[in-house]
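**Student:**
Protein chains in written order, with the working numbering: chain A, 1106 to 1218; chain B, -7 to 106.
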């Protein structure tokens, strides 16, 4: 079983819809990242969080440490939001390897006009 | 300032050829990471440098893979005797050292081995 599981794998929405992408992980972590990857492009970091909730524009990320679960929400979705969204966790290992990220497989979001 | 840059952006190699992929991190970033991303998958960790020291190479899939960062800035990932299974996007990321370890990614090099 992958240490980081995302759902859904693919998501198609109509412009304006509220989007939720989920991430579950099975290991202790020190931080969780949400990343965005456009086709043929590099990866952009959206959020890094270790507790609670963060908001940036139309994007909201939440994390529940006890349940080992995080969600990424997009309000009022737009076709330019179409991309792959990737969840990555940073190890909570205090032995020195907490620089290492373990990634989910990503969720391909397509927002139609 | 400039972000992380990688070159070439695309590379086609014939099986058995050696390739070298370059990463220019953000100036002043101490930490540098290489990742491999197969089609339809998330990135996977290959190796980690702090300055010129390679502190972790546990993710390198075989001894055909070699990475260096001799002056603590530019890094090169070299793959010898390429195989078809090496076809992937190779991503480089850099960060300032210490928490919170925010990583900044380059655009990647797409390697296709024919």
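From the three backbone atoms N, C-alpha and C, an ideal C-beta is built for every residue, glycine too.
(1) Using a Cβ cut-off of 8 Å (strictly closer), state whether residue 53 of chain B contacts chain A.
(2) Could you name the residues of the region 13 to 35 of chain B whose beta carbon sits closer than 9 Å to any beta carbon of chain A, in the order they occur along the chain?
(3) Could you please tell me which residues of the region 1132 to 1146 of chain A, in chain order, have their CB closer than 7 Å to any CB of chain E?
(4) Please name the residue in B/1, B/98, B/59, B/21 whose C-alpha comes closest to that of residue 72 of chain B.
(5) Quick one: using the 10 Å Cβ neighbour count with 16 as the cut-off for buried, is residue 1184 of chain A buried or exposed?
(6) My output table needs one value for residue 78 of chain B: the three-state DSSP class, helix, strand or coil.
(7) What does residue 1209 of chain A touch in chain B if you count any residue whose Cβ is under 7 Å from its own?
(8) So, are the CB atoms of residue 107 of chain B and residue 37 of chain B less than 8 Å apart?
(9) Using 8 Å as the limit for Cβ to Cβ distance, is residue 37 of chain B near chain A?
(10) Would you mind working out which of A/1137, A/1119, A/1120, A/1147 sits nearest residue 1177 of chain A, comparing C-alpha positions?
(11) List the residues of chain A that residue 94 of chain B touches, going by C-beta distances under 9 Å, in chain order.
(12) For residue 1191 of chain A, go through chain B and note every residue whose CB falls closer than 9 Å to its CB, in chain order.
(13) Can you list, in chain order, the residues of its chain with a C-beta nearer than 6 Å to that of residue 70 of chain B? Leave out the 5 residues immediately preceding and following it.
(14) Spell out whether any CB of chain B is found under 8 Å from the CB atom of residue 1204 of chain A.
(15) Out of B/43, B/14, B/88, which one is the CA nearest neighbour of residue 107 of chain B?
(16) Using 8 Å as the Cβ pair cut-off and three pairs as the minimum, do the region 16 to 34 of chain B and the region 1160 to 1171 of chain A touch?
(17) State the Cα-Cα distance for the pair residue 68 of chain B and residue 1119 of chain A, rounded to the nearest angstrom.
(18) I need the DSSP call for residue 1185 of chain A, collapsed to helix, strand or coil.
(19) Output yes or no for whether 8 Å exceeds the beta carbon distance between residue 106 of chain B and residue 4 of chain B.
(20) Answer with yes or no whether the minimum CB distance from residue 99 of chain B to chain A is below 8 Å.
(21) Look up residue 40 of chain B in the DSSP assignment and say whether it is helix, strand or coil.
(22) What residues of chain B sit near residue 1195 of chain A, judged by a beta carbon separation below 8 Å?
(23) When the Cα atoms are used, what is the spatial distance from residue 1203 of chain A to residue 1109 of chain A?
**Tutor:** Considering the structure as presented:
(1) no
(2) 23, 25, 27, 29, 32, 33, 34, 35
(3) Given the protein chain composition of this structure (A and B), no chain E is represented.
(4) B/59
(5) exposed
(6) helix
(7) 34
(8) Lying before the first or after the last residue shown, residue 107 of chain B is absent from chain B, which here runs from -7 to 106.
(9) yes
(10) A/1137
(11) 1138, 1150, 1153
(12) 34, 35
(13) 12, 58
(14) yes
(15) Any question about residue 107 of chain B goes unanswered here, given that chain B covers just -7 to 106.
(16) no
(17) 43 Å
(18) helix
(19) yes
(20) yes
(21) strand
(22) 93
(23) 16 Å
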